[in-house]
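J.:
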Amino acid sequence: MKALSIHFGKVEVEMNTGVDIKDITNYLKASIRESNIMDGNLSAAVVGSTGSVTTIEYEPGVVEDLKKAINRIAPPDQEYEHEKAWHDGNGHSHVQAALIGSSVSVPVRKGELVLGTWQQVVVINHDNRSRKRTVQITIIGTQ
Amino acid sequence: MKALSIHFGKVEVEMNTGVDIKDITNYLKASIRESNIMDGNLSAAVVGSTGSVTTIEYEPGVVEDLKKAINRIAPPDQEYEHEKAWHDGNGHSHVQAALIGSSVSVPVRKGELVLGTWQQVVVINHDNRSRKRTVQITIIGTQ
Amino acid sequence: MKALSIHFGKVEVEMNTGVDIKDITNYLKASIRESNIMDGNLSAAVVGSTGSVTTIEYEPGVVEDLKKAINRIAPPDQEYEHEKAWHDGNGHSHVQAALIGSSVSVPVRKGELVLGTWQQVVVINHDNRSRKRTVQITIIGTQ
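Chains as they are written, first to last, in the working numbering: chain A, 184 to 326; chain B, 184 to 326; chain C, 184 to 326.
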């Protein structure tokens with residue numbers, strides 16, 4: 184039985200005012216190469232309560248469609264309780280991020296991320312200001 | 184301290200035009216038995232950007248209710264930017280899948296998946312055509 | 184190469200009729216301390232099909248905003264197919280929980296959960312009755 188190893192990575196992405204969506208797949212692939220892990224599991228988790236991660240086909244149309252859908256689910260121009268106490272204008276950002284989720288798991292096989300041909304891992308900034316978003320990467324598997 | 188081991192599995196499910204929802208719990212259970220892992224964690228991740236995984240009570244009523252809710256969140260008959268470039272009719276499929284998410288983690292204890300009595304793991308096809316959907320399984324734990 | 188170890192924890196939370204949202208971050212932190220794991224990954228998964236887990240800024244405003252958003256996505260007063268067979272009044276609960284998801288991964292670094300300053304891990308009860316909710320914790324990493 185091969186011993187398991189673990190590898191840690193971190194992606195920092197400059198992001199525009201939300202909803203902004205950026206492809207981080209190449210960072211995850213680089214992290215797998217660094218790890219020398221061939222078969223296992225990669226977890227990607229965004230740090231911060233107004234960010235989220237998911238997978239999409241990263242092409243301009245889907246990116247735009249997803250932004251619109253996110254803003255329909257928790258519209259920026261609605262009244263939020265968060266605003267009454269904090270007045271920072273990002274009540275909708277918190278709700279959007281909580282609904283999408285902060286982490287995703289992606290299988291690693293033969294040294295590669297297992298994604299569909301048109302499937303990429305993305306980080307989303309929902310905040311009402313530009314942010315540097317950090318995504319923590321943890322890869323566990325056999326070399 | 185017991186050494187950790189890792190096991191890989193794969194489920195392939197023939198699925199109808201979306202929204203189609205299928206129970207894959209028994210495949211995950213079989214994979215745990217194969218692995219001989221008693222205590223750990225199972226990750227299930229769908230391959231492809233128009234599929235998703237989650238857990239539900241897999242009974243016909245909830246399945247129908249979830250399909251309706253998914254089609255309310257991103258209705259098939261709405262205009263999508265994705266369509267303007269690609270004309271493949273599945274703009275809504277991409278948005279639906281991204282909102283639900285591509286992976287789920289389930290605890291393994293004493294050789295069993297830890298789910299509620301009425302809780303099953305399901306794969307969802309959101310695409311506007313029938314698809315064979317692949318779910319990758321990674322189990323990490325002690326035997 | 185350091186050997187990996189695994190640790191198991193469990194949180195039980197008394198919850199009110201849904202939508203009820205409770206912060207479980209301190210339980211997860213306690214579990215990390217018990218584990219002596221310094222660097223790795225923590226998975227938290229709710230047991231039961233009418234519960235979910237996610238991360239939010241746990242302050243009363245956001246908690247209220249998220250409850251409202253969840254009840255907009257799958258309103259309790261709508262007609263659900265689940266009700267026609269089961270008459271237990273929680274059709275909306277199942278749909279809400281499935282859309283948010285049952286698990287979350289959080290990185291562990293230097294013996295601490297890596298979350299944003301205003302980011303907490305929460306369990307959500309969507310059921311139409313008070314419930315004791317169980318969240319299973321699995322931590323994998325190096326000591």
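C-beta: ideal position from N, C-alpha, C; glycine also. From a predicted model like this one, the values you see are computed outputs, not experimental measurements.
Can you determine whether any heavy atom of the ligand GDP sits closer than 6 Å to the C-beta of His309/A, and answer yes or no?
T.: Ligands are entirely absent from the displayed structure, and the ligand GDP is therefore not among its contents.
J.: Show which residues of chain C have a CB atom less than 9 Å away from the CB atom of Val287/B.
T.: Correct list: Ala228, Gly284, Ser285, Ser286.
J.: Spell out the partners DSSP gives Lys205/B in its beta bridges.
T.: Val306/B
J.: Thinking Val304/B and Thr208/B are a contact (beta carbons under 8 Å), I'd like their distance in whole angstroms, please.
T.: 5 Å
J.: Just verifying my parser: in three-state terms, what is the DSSP assignment at Ser276/C?
T.: helix
J.: With 7 Å as the limit, tell me which residues of the stretch 202-233 of chain A have their beta carbon closer than that to any beta carbon of chain C; keep them in chain order.
T.: Ser226, Ala228, Val230, Gly231, Ser232
J.: May I ask you to list the residues that DSSP assigns as paired with Gln319/A?
T.: Lys193/A, Ala228/A
J.: Does DSSP classify Ile256/B as helix, strand or coil?
T.: helix
J.: Would a C-beta distance cut-off of 7 Å place Gly201/C and His309/C closer than the cut-off?
T.: yes
J.: Starting from Arg314/C, follow its DSSP beta bridges and name the residues at the other end.
T.: Met198/C
J.: By Cβ distance, which residues of its chain are closer than 8 Å to Val245/C, with the 5 residues on each side in sequence left out?
T.: Contacts found: Ile239.
J.: Could you tell me which chain B residues have their CB closer than 9 Å to the CB of Leu187/C, listed as they occur along the chain?
T.: Ala186, Leu187, Ile323
J.: Sort out for me which residues DSSP pairs Arg292/B with in a bridge.
T.: Glu295/B
J.: Just curious, the alpha helix (DSSP H) that Ala268/C is in, first and last residue?
T.: 264-269
J.: Use the C-beta contact count for Ser313/B: other C-beta atoms within 10 angstroms, 16 or more gives buried, fewer gives exposed.
T.: By the neighbour-count criterion, in which 16 or more other beta carbons inside 10 Å mark a residue as buried, Ser313/B falls on the exposed side.
J.: Can you confirm whether Ile239/C, when its beta carbon is compared against all beta carbons of chain A, has any partner nearer than 7 Å?
T.: True, the Cβ-Cβ gap to chain A drops below 7 Å.
J.: Over what stretch of residues does the beta strand (DSSP E) that includes Ile239/B continue unbroken?
T.: 234-239
J.: Taking Trp301/A as the query, report the chain C residues whose CB atoms sit under 7 Å from its CB, ordered along the chain.
T.: Within chain C, no residue comes near Trp301/A; the closest Cβ sits about 23 Å away, beyond 7 Å.
J.: Given a threshold of 16 other Cβ atoms within 10 Å of its Cβ, counted over all protein chains shown, does Thr321/C qualify as buried or as exposed?
T.: buried
J.: In chain A, which residues lie with their C-beta within 9 Å of the C-beta of Glu247/C?
T.: Tyr263, Glu264, His265
J.: In this structure, does DSSP put Gly284/C in helix, strand or coil?
T.: Gly284/C sits in coil when the DSSP states are folded into three classes, being neither helix nor strand.
J.: With a threshold of 7 Å between beta carbons, is Gly244/C in contact with chain A?
T.: yes
J.: How about Pro290/C and Gln319/A: do their beta carbons lie closer than 7 Å?
T.: yes
J.: Tell me which same chain residues have a C-beta within less than 6 Å of the C-beta of Gly272/C, skipping the five on either side of it?
T.: Asn311
J.: To which residues of the same chain is Ile323/B closer than 7 Å at the C-beta, ignoring the five residues directly before and after it?
T.: Leu187, Ile189, Gly223, Asn224
J.: Which residue from Gly274/C, Lys193/C, Glu295/C, Thr237/C puts its Cα closest to that of Ser288/C?
T.: Thr237/C
J.: Quick check: the Cα distance between Pro243/C and Trp269/A, rounded to an integer number of angstroms?
T.: Near 11 Å, if we compare the C-alpha coordinates of Trp269/A and Pro243/C.
J.: Could you tell me which of Gln302/A, Ala227/A, Asn254/A sits nearest to Thr317/A, measuring between CA atoms?
T.: Ala227/A
J.: Pick out whichever of Arg292/A, Ser276/A, Lys293/A has its Cα sitting closest to the Cα of Gln285/A.
T.: Checking the displayed sequence, the identity of residue 285/A turns out to be Ser instead of Gln. Ser285/A has its Cα closest to that of Ser276/A, out of Arg292/A, Ser276/A, Lys293/A.
J.: 7 Å is my cut-off, CB to CB: does Gly274/B come that close to chain D?
T.: The chain inventory of the structure shown lacks chain D, comprising the protein chains A, B and C.
J.: Name the residue from Asp260/B, Asp206/B, Asn254/B, Gln261/B whose alpha carbon lies nearest to the alpha carbon of Trp301/B.
T.: Asp206/B
J.: I want to verify the contact list: residues of chain B whose CB lies under 8 Å from the CB of His277/C, in sequence order.
T.: Ile239, Glu240, Val245, Asp248, Leu249
J.: For the candidate residues Ile307/B, Arg292/B, Gly299/B, Lys315/B, whose alpha-carbon lies nearest to that of Ile215/B?
T.: Closest by C-alpha distance to Ile215/B, out of Ile307/B, Arg292/B, Gly299/B, Lys315/B, is Arg292/B.
J.: Roughly how many whole angstroms lie between the Cα atoms of Ile204/B and Asp260/B?
T.: Rounded to the nearest angstrom, the two C-alpha atoms are 20 Å apart.
J.: Would Tyr210/B pass as a contact of Val194/B if the rule is Cβ separation under 7 Å?
T.: yes
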